[in-house]
Structure formats: structure tokens, C-alpha cells
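For reference, the structure discussed in these notes is given below.
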Amino acid sequence: AIYNYNAAQDVELSLEVGDTVHILEMYEGWYRGYTLRNKAKKGIFPETYIHLKEATVKDRGQHETVIPSELPLGQELASTLREWAVIWHKLYVDHKTTQFRHVQQLTYSLIEWRSQILSGTLPKDELAELKKKVTAKIDYGNRQILGLDLVVRDDNGNILDPDETSTISLFKTHETASKRIDERIQEEKSLQQNLELRGQPVFTTTHTYSLYVNFKNFVCNIGEDAELFMSLYDPELSKFISESYLVRWGSNGMPKEIEKLNNLQAVFTDLSSSDLIRPRISLVCQIVRVGHMELKDGKKHTCGLRRPFGVAVMDITDIIHGKVDDEEKQHFIPFQQFPGAVHSSVNQVFLFSSGLWVSLKLLPGDLVQVQKDFSHLIDRSTAVARKMGFPEIILPGDVRNDIYVTLLQGEFDKGKKKTPKNVEVTMSVHDEDGNLQEKAIHPGAGYEGVSEYKSVVYYQVKQPCWYETVKVSIAIEEVSRCHLRFTFRHRSSQESRDKSERAFGMSFVKLMNSDGTTLQDGKHNLIVYKGDNKKTEDAKCYLTLPCTKTEVEEKEGPLGKNVANFTPTKDSTKDSFQIATLICSTKLTQNVDLLGLLNWRSNSHNIAHNLRKLMEVEGGEIVKFLQDTLDALFNIMMEMSENETYDFLVFDALVFIISLIGDIKFQHFNPVLETYIYKHFSATLAYVKLTKVLNCYVGSAEDCSRTELLFAALKALKYLFRFIVQSRILYLRFYGKSEDGDEFNDAIRRLFLNFNLLMDRPLEEAVKIKGAALKYLPSIINDVKLVFDPVELSELFSKFIQSIPDNQLVRQKLNCMTKVVESDLFRQAECRDALLPLLVDQLSGQLDDNCSKPDHEASSQLLSSVLEVLDRKDVGPTGKHIQLVMERLLRRINRTVIAMSRQSPHSGIFVACMTAILRQMEDSHYSHYISTFKTPQDTIDFLMETFIMFKDLLGKNVYAPDWMVMNMMQSR
Numbered sequence: 001a002i003y004n005y006n007a008a009q010d011v012e013l014s015l016e017v018g019d020t021v022h023i024l025e026m027y028e029g030w031y032r033g034y035t036l037r038n039k040a041k042k043g044i045f046p047e048t049y050i051h052l053k054e055a056t057v058k059d060r061g062q063h064e065t066v067i068p069s070e071l072p073l074g075q076e077l078a079s080t081l082r083e084w085a086v087i088w089h090k091l092y093v094d095h096k097t098t099q100f101r102h103v104q105q106l107t108y109s110l111i112e113w114r115s116q117i118l119s120g121t122l123p124k125d126e127l128a129e130l131k132k133k134v135t136a137k138i139d140y141g142n143r144q145i146l147g148l149d150l151v152v153r154d155d156n157g158n159i160l161d162p163d164e165t166s167t168i169s170l171f172k173t174h175e176t177a178s179k180r181i182d183e184r185i186q187e188e189k190s191l192q193q194n195l196e197l198r199g200q201p202v203f204t205t206t207h208t209y210s211l212y213v214n215f216k217n218f219v220c221n222i223g224e225d226a227e228l229f230m231s232l233y234d235p236e237l238s239k240f241i242s243e244s245y246l247v248r249w250g251s252n253g254m255p256k257e258i259e260k261l262n263n264l265q266a267v268f269t270d271l272s273s274s275d276l277i278r279p280r281i282s283l284v285c286q287i288v289r290v291g292h293m294e295l296k297d298g299k300k301h302t303c304g305l306r307r308p309f310g311v312a313v314m315d316i317t318d319i320i321h322g323k324v325d326d327e328e329k330q331h332f333i334p335f336q337q338f339p340g341a342v343h344s345s346v347n348q349v350f351l352f353s354s355g356l357w358v359s360l361k362l363l364p365g366d367l368v369q370v371q372k373d374f375s376h377l378i379d380r381s382t383a384v385a386r387k388m389g390f391p392e393i394i395l396p397g398d399v400r401n402d403i404y405v406t407l408l409q410g411e412f413d414k415g416k417k418k419t420p421k422n423v424e425v426t427m428s429v430h431d432e433d434g435n436l437q438e439k440a441i442h443p444g445a446g447y448e449g450v451s452e453y454k455s456v457v458y459y460q461v462k463q464p465c466w467y468e469t470v471k472v473s474i475a476i477e478e479v480s481r482c483h484l485r486f487t488f489r490h491r492s493s494q495e496s497r498d499k500s501e502r503a504f505g506m507s508f509v510k511l512m513n514s515d516g517t518t519l520q521d522g523k524h525n526l527i528v529y530k531g532d533n534k535k536t537e538d539a540k541c542y543l544t545l546p547c548t549k550t551e552v553e554e555k556e557g558p559l560g561k562n563v564a565n566f567t568p569t570k571d572s573t574k575d576s577f578q579i580a581t582l583i584c585s586t587k588l589t590q591n592v593d594l595l596g597l598l599n600w601r602s603n604s605h606n607i608a609h610n611l612r613k614l615m616e617v618e619g620g621e622i623v624k625f626l627q628d629t630l631d632a633l634f635n636i637m638m639e640m641s642e643n644e645t646y647d648f649l650v651f652d653a654l655v656f657i658i659s660l661i662g663d664i665k666f667q668h669f670n671p672v673l674e675t676y677i678y679k680h681f682s683a684t685l686a687y688v689k690l691t692k693v694l695n696c697y698v699g700s701a702e703d704c705s706r707t708e709l710l711f712a713a714l715k716a717l718k719y720l721f722r723f724i725v726q727s728r729i730l731y732l733r734f735y736g737k738s739e740d741g742d743e744f745n746d747a748i749r750r751l752f753l754n755f756n757l758l759m760d761r762p763l764e765e766a767v768k769i770k771g772a773a774l775k776y777l778p779s780i781i782n783d784v785k786l787v788f789d790p791v792e793l794s795e796l797f798s799k800f801i802q803s804i805p806d807n808q809l810v811r812q813k814l815n816c817m818t819k820v821v822e823s824d825l826f827r828q829a830e831c832r833d834a835l836l837p838l839l840v841d842q843l844s845g846q847l848d849d850n851c852s853k854p855d856h857e858a859s860s861q862l863l864s865s866v867l868e869v870l871d872r873k874d875v876g877p878t879g880k881h882i883q884l885v886m887e888r889l890l891r892r893i894n895r896t897v898i899a900m901s902r903q904s905p906h907s908g909i910f911v912a913c914m915t916a917i918l919r920q921m922e923d924s925h926y927s928h929y930i931s932t933f934k935t936p937q938d939t940i941d942f943l944m945e946t947f948i949m950f951k952d953l954l955g956k957n958v959y960a961p962d963w964m965v966m967n968m969m970q971s972r
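Residue numbers for the sequence shown, in the UniProt record's numbering: 1 to 972.
Laid out in C-alpha cells, this is it:
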């Protein structure tokens, strides 16, 4: 029902909004039926008052059931809202205002989300995300506010059916749901108790952040146009950490582009968690006046000059730390005018009436995420200012080729002039033929690039300090051909004189070095060339000369004469110009060793050196060239196969790369590595080399010099074997099985034999390596079984476990067996035949009454994993396996439950295991179990133990009161 309807006659049916009605008949605009809340009362009602829903009817007749066709979550939302509505009404009547308001907020959220779900317009990923939010909200409300039973769900948010779900799965789902709700409750308490924690819980799992800035107004009567450059600044390190956001402000006190009025906003992206913990961080706005040399100058004076005017600084540490979180609050940043350099005054700002108004908000996520989550703040018109440097988490799809150039300072001889020059630097990008690269320079986010960038002009300053940063963006393939050119010109305040002034000097710097590496980050002292303007504009003429003073020092001798010949005036050495560069590129490298490895064929005598040096290269450089680096490694291994030294060096380098991608900073490159293995990797014989080196390392584990290499290899074992297995698959695809006989299988057998010998050594000699072997060896199972007999693999793992002395590494051994059970191997009946007796033996020893230090936690994990697999319908016959578990473990589990305190954290899982065994046993199992007792007294003892345990469980629940499903399952 979508409207209330009051019945006027007995034959009519009254309706309230939200009533679900079952329609029996329809006739000329009227329906006949009943409401589900009162099925006894039937009547007619107008069809316009009803919104029809698709449904299916089961068991038509007196006991029929109507099932709506909508999503299960939609049905649950409807029933939850109905249930909460009754409680909400009661809270109002009982004057429980706080709870009433809380339930009201939750209810409104659920109603809004339900309408979104039923609309059917949400993309699949957004619907999945919304389902998580809905179920989290329902579970939180049920438990914390209303004290209702805990609802258990599958990964899609649908309620689990206890009859179709294994006991162990139900227990684990209860445990997970309970922990999740407890965490949410704790977050809510923290927010209420301490406002300083506001915003913090939201960001606990986020690694990348963005700062949203909304520029409201600029109050300053300059009288000329202005450029405002806003950027993030670290006062502790005295450096800018982001690109600038550029706002062009007109002399009329409004934006230069009228369409940007009330729409000046930017987002500073790529901020990492390390940026959030900086002791201090500031938002700095540098104001540049665009007009005459002096404000008082008239029409005959030069215009269009960029002159430093002032700066505004705001400490935004509290906003970045998440302590202030209100995008509506407007902050006033006072402005200070000063005649000198911008950079020197950043930390010396005093209050004035002029300034700018901004609002700010810290957002969790990268640009794509915040555009989706905060679409009410960020749209297509929002400028994007990136961090000058890579974010903490580097994403594979983030293609970037940004070169940041900072004009630092210069010193220029005044020549024949009595006063120092008013120097303007013009920066441009040219190729090797001197062609100008159009719109390659970006002064700030919010505007297109420019072909030439003109610096600010300082009036009669001999050593101007600019500290202006711009971004150069050119195509990656053009970088090797391009260079930056800087021309220096004196600007006169008199327009007539200014027109006759020509550039008095030129500097340049190539973006790529002769060895193929890009320009190194850092400061560069450039040579200022003076002379004929035509020569300084001819790229072919000056590109043969050194561009930095470092080059001149490195190439002493004849080169100095060439420079002198090029420079007609001898006073060029008095002039100096300094810049700083920072390259953020996903395609260019500054590392000569990495480049040497990538170009190994043209530099084959340095292969060993470059392979060793690879492990010293910064991780960000390697992941940029991940596929090229891996190709180089395997090409060296295959093409230089006669040199065994390369096999070991390539193996170590491969382990280093795999370990690198395991780092949280590069975790998003895991899919890239897997794509490489399955789509691009083509070394058909790599498995021979990799297994040989791995066998050598494991076989010589007593060699202390190789301990760390072996440990790293074990940590990388999963992906090493993916390479090995994929190589073997490719080999079999091309050559068939008969070519190498049993060589591969023998290598796997030797590897396990070496592991067995390692595990049998005295513990103190190799405890770290043994622990790593137990932890990482099971990770290879699902891959190896594709090219190796699964049953034999099961037997190899059984022997591996048996090779460990009983009293050593007990927990690690049990955890290793748990991982084996969770692998695909244990789902095959023949493999279970080989593995289960060993697992049962190990568990039996742990649960034995005589065991001095049983590891209940690890034992329960192993036992529950075994029972969970045995309850599946897709793992083949399980009857004899359940019988083995029943015979050897049921009584030990019962005794463990009886002896265990109800407050023990492990009592719940053991009761669940006991329940699971009893639930999975069939009548034949019960008969067989009773027949295993040799005397009537044994049978009586078992039954007495069981009855005592049941009585104890009924009196003292091991599960929380709101775990209704588990409590019901236990009572069965």
C-alpha cells in the first residue's frame, strides 16, 4: 500500500502505508484480498492505492506461501524496518529519547538505501559496496541499540540458512560478525568520548588521502590583475610538497574567467599516511601582481610584468590530522604584502585585514575514490593538484611523466649599468632541432599549459631568488630529444626602453643524459652563455656544449676553449643560474644500474654487476619497469645458460622482486605480477634452472653465508613456484611429456627430500629456516598439483610433516597442516586417504589426556578446517573419513570440552567441532562407533561422559546469548 485507505463499508479493506497485501481477485479498478498482518479479514480496495510487486506462490491453496521476487537483501530490509518500527514506537512511548533518535537515524538510512537497491540502477560494484554498508548498519542496530539476535550472512550479505551451512562455517561467521560489530561499537564510543579522534577511524585502512580546497574569496585592493598560487608546504623541511593550484584574479576583485565565480575548487591528491603525521603542514598562497613595475606607474610604463606581491599562510595541521572536519566552515587566511622574495617570508606572516577565504576537508582515498565518494564536492571542473612525488601506494595504472622544475636563484653582473638588472627568466621546452614544444609548461593546476613561462621580476636585485616551481609535461618518447632553455632579459620600467632590450644570456639543460638515464633529481648549477642572440637560439650550436658547471669540471681541457669560443664576452663566468628538478615518471629511470640491466645485450660484460646492483635499486624504480625487468632476467637465464653464476644471480634478483611486491607500498602490483606470469612469461626451460638453484639452497642450508638468501627464497616460494609451474606448462604444451623423461618430477622429489633432511636437523641450528619452510611450503600446493601427481604430492607432504621431531615447532607444524587442508589437495578423496591418517594422529596426540602442553588454538583450527571440508558436497565420498575422525577423535574432543573452562576462548570452537561430527555422522556411523567399545563398561563410560557434557552445556552456554543460531544448533 502506498496510501492510507479507510474502509467505508464492511466489504472494503482498510489499508495503511507499507501494508503488504495478497491480491486474490481484480475487477474494474478494484482489488480483493487481505493484508499479511491480518489474513482473516478479506475485502476490496482501489488498485490506485497499491504498488504491485512481482512474486511467486508456493503450495497454492490453504497453506500457500507468497515469496517476493525482489533481492533477498531488499526483503530483509523490509522486514527489519517493520520490526524496528514497532520498537521505535515503544521507545517513544517509554520516553527513551536518545535511543529513539538513534533508531530514527538508522531507519532513515536504511529507507534511503533500500530505495537505491530496489531502483536497479546501481552498477554491480556499487551495489556490492552498498550491501556491505546496509548489513553492517542492520547488524550494528540489532546488537548495540535494540539488543536483538546476531544475524549471520554470506559474503554477499544474504542471511545464511543453518540447514544448508556447515556447523563450522556458521561458527566462524558468527565469530567474524561479532568482531566486526564490536569494532564498530568501539569506534562509536571513541567518537563520543574524544572529539579529537573525529575522522580517525574512517581512515584506519586508507593509505592515500586528498585535501579538498574551496576558494571562496580574495579580499585585497591591488588595482591590477593577480595570480594566486596555492600549495602545501612543510615548515619543518622548508619545502613545498605539492603542485600549485592557480587562481587568476582580476583587477575588479573577481576571477578573470567569470564562469569560475563561486566555482574555484581544487583537490590536492596523493597524500600518504606519512604526510598526515608531519609535525606541521601549511597551506601557502603566493600572490603575484601582473602589471607595471610599480603600482604608481602610468600608461607609458611597461605592463604585463609579473611582480612578487605577498603571501598568505594557514597552518592546516589539525585538518590534515583529522581533528577538524567541516567543509562548510570558512577559514580566513591573512595576507602580508612584502617587497622581497616570496620564499624568505613564508614563515614570517603577520595579521592584516586583507586575505583570502577558503574551506577545506580531508578526504580518504585517491582521486578516483574521492570523485566517487564525494561527488557533491568534486566534479569535472575541480582542479587536481598532485603531490610532487609518488604516493605511498603506487597503482599500476597510474601513468605519469611529470618533470618539476624550480627556478631557484641567479647572480647576474650589472655590466655597464650603474644598478643591478631587473632580470626576467623565460623558460621553454625545445627538441634537438630547436622546435618549441607547445603548451608543455604548467604553472599551476586549473589551467592549460603554456609554451613559455616568464618568472617574476625583482627590481634592481643582483642575486634574485625566485623559488618558482612549474611542471613540464611532454610525451615520454619525446623526453630523450628535449631540453629546457632559459633566457635572461633585463626588463625596463619604461616601455620605450623595454622594447629595445634583448636577451643578454641563455642557459639550458638536457632532460636525458648520454647514458640513457634521465636528469637526476636535485640542484643544478647551469652555465649562463652570453653572446650573439642567433647563436643562443640555435639548438644545434649550443647543444654540443656543457650545460652545467659539473660537466665542465668533469670534462677539463679542450672543452673549456670551446666554451670560450662560443662566448664573446669574457665576463660570462661572473653570471650564475641555479635550478632544481624532480622527476615523477612511471616510464623513465634515473638509475644507471637498472638501465644497464634492461639493456644487458649491449653491455654483456657488466651483467653480473648489474644483477647484483639491482637489489640496491629503489623499489619504485623497479615496479615501473616490472615486465621489462622480468623479461631481462629470464632472457639472461635462458641465453646465458652456460654460466651457472648467472643462474644464482637471476634467482636472487627474482626473489628480491617478488619480496618487493609483497611490501604494502607495492601490493597493488600483485595482479601485475600474476598477469605477467600467465600472459607474458614465455621461458619454457626456466623451471629447470629455478628448481636447480632452489634445491641447491635448501640442500646447503647449513651454509651460514646463504641463510638469508634461503630465507628470502622461502618467503617468495609461492610466486617462485608459479613461475616454475607456468614454465613447465609451457614446456609440456610445446614439447610433450616424453622429451625430458622424469626430470621435473625428480626435481620436486629432491626438493622435498632436502626439506625433510633440513627439518630433521637439531632445532637450534636452523629454527628460522624451519619455521619459514612450515609457513610457506603449503602455498605451492595449488600450483604444483597442476603438473605433478596430487596423490604423490600428498604423500610427500605427509613425509615432510613426519620428518619433524614430535616436540619441535608444534604450533608451526599444526598451522602448516591447516594450510594443507585448506588447499585444493584435501578436496580430492584419494589425497585425503594419504593425508588424513597423519592429521588425525597429530590431533590425537594434542588432545590426549597425557599431553603436557596441548596447543588448543592451533589444534582447533586444524580440526575445524578438516570438518569443514568433509561437510562439502563437492569433495567426493567422505563416509570413511568421517568414520576415522569419529573413531579417533570424538571421545578426545568430548573430554577436552568437559575439562575446558567455559571462559576459555577455545571452548566455542571445540563445541562446534563436536556438534559438526555428530551432525555429519549417519546411522551406520553411530552403530559402528558403539561396536568399537570392547566392553559394556566402555560404552557406559562414554555415554556418561556425553550426558554430563550435554547437561553442562545446557546449563552454561559457551556462546553469547545473541548467537541464537549456534545455541539452537548446539541444542539439537
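All residues carry an ideal CB built from backbone N, CA and C; glycine is no exception.
Only residues of its own chain outside the window of five on either side were considered, and among them 957 and 959 have a CB closer than 7 Å to the CB of residue 967, listed in chain order. For the options 472, 577, 518 and 521, the alpha carbon positioned closest to that of residue 508 is the one of 577. When only Cα atoms are considered, residue 719 and residue 839 end up about 27 Å apart. In this structure, residue 542 sits away from residue 362, with a CB-CB distance that is not shorter than 9 Å.
Contact between the region 724–735 and the region 678–698 is established, with three or more Cβ pairs separated by less than 8 Å. Judged by their CB atoms, residue 383 and residue 287 are not nearer to each other than the 9 Å cut-off. Between residue 57 and the set 48, 22, 47 and 77, the nearest pair of CA atoms involves 22. Take residue 80, set aside five residues on each side of it, and the residues of its chain with a beta-carbon closer than 6 Å to its own are 138, in chain order. Pairing residue 964 with residue 149, the inter-Cα distance amounts to about 6 Å. Looking at 892, 465 and 452, the one whose alpha-carbon comes closest to that of residue 472 is 452. Fully enclosed beta strand (DSSP E) runs of no fewer than 3 residues occupy 282–291 of the region 275–309, in order along the chain.
Bridge partners of residue 584 according to DSSP: 402.
By the beta-carbon neighbour count (other beta carbons within 10 angstroms, threshold 16), residue 38 is exposed. The closest CA to that of residue 868, considering only 835, 903, 913 and 880, is found on 913. The Cβ atoms of residue 766 and residue 777 do not sit closer than 9 Å to each other.
Distance from the Cα of residue 230 is smallest, within the candidate group 294, 311 and 886, for 311. For residue 470, the enclosing beta strand (DSSP E) begins and ends at 465–473. Straight across, the Cα-Cα distance linking residue 110 with residue 101 is about 14 Å.
Note that the C-beta distance between residue 333 and residue 271 is not below 9 Å. Taking 9 Å as the cut-off, the beta carbon of residue 681 is found closer than this to the beta carbon of residue 730.
Here the alpha carbon of residue 55 sits roughly 19 Å from the alpha carbon of residue 82. No alpha helix (DSSP H) of 4 residues or more sits fully in the region 142–185.
Boundaries of the alpha helix (DSSP H) harbouring residue 936: 936–955, taken from the DSSP string. Taking 4 residues as the shortest admissible run, the region 667–706 contains the following complete alpha helix (DSSP H) segments, listed from N- to C-terminal end: 670–675 and 686–699. Between residue 523 and residue 358, the CB-CB gap reaches or exceeds 9 Å. Judged by their CB atoms, residue 214 and residue 377 are nearer to each other than the 9 Å cut-off. For the set 665, 863 and 833, the Cα lying nearest the Cα of residue 843 is the one of 863.
A contact is defined here as three or more CB-CB pairs under 8 Å, and the region 625–640 fails this definition with respect to the region 400–408. The beta carbon of residue 91 lies closer than 7 Å to those of 99, 100 and 103 in the same chain, with the five residues before and after it left out. Of the residues assessed, residue 872 falls on the exposed side of the cut-off, its CB having fewer than 16 other CB atoms within 10 angstroms.
Residue state for residue 377 is assigned as coil, using DSSP reduced to three classes. DSSP places residue 808 in the coil class of the three-state scheme, outside both helix and strand.
CA-CA distance, residue 951 to residue 971, rounds to 10 Å. Residue 958 sits in coil when the DSSP states are folded into three classes, being neither helix nor strand. Cβ-Cβ distances below 7 Å link residue 772 to 711, 714 and 715 in the same chain, with the five nearest sequence neighbours on each side left out; the list follows chain order. For residue 94, there is no enclosing alpha helix (DSSP H), since its DSSP letter is neither H nor E.
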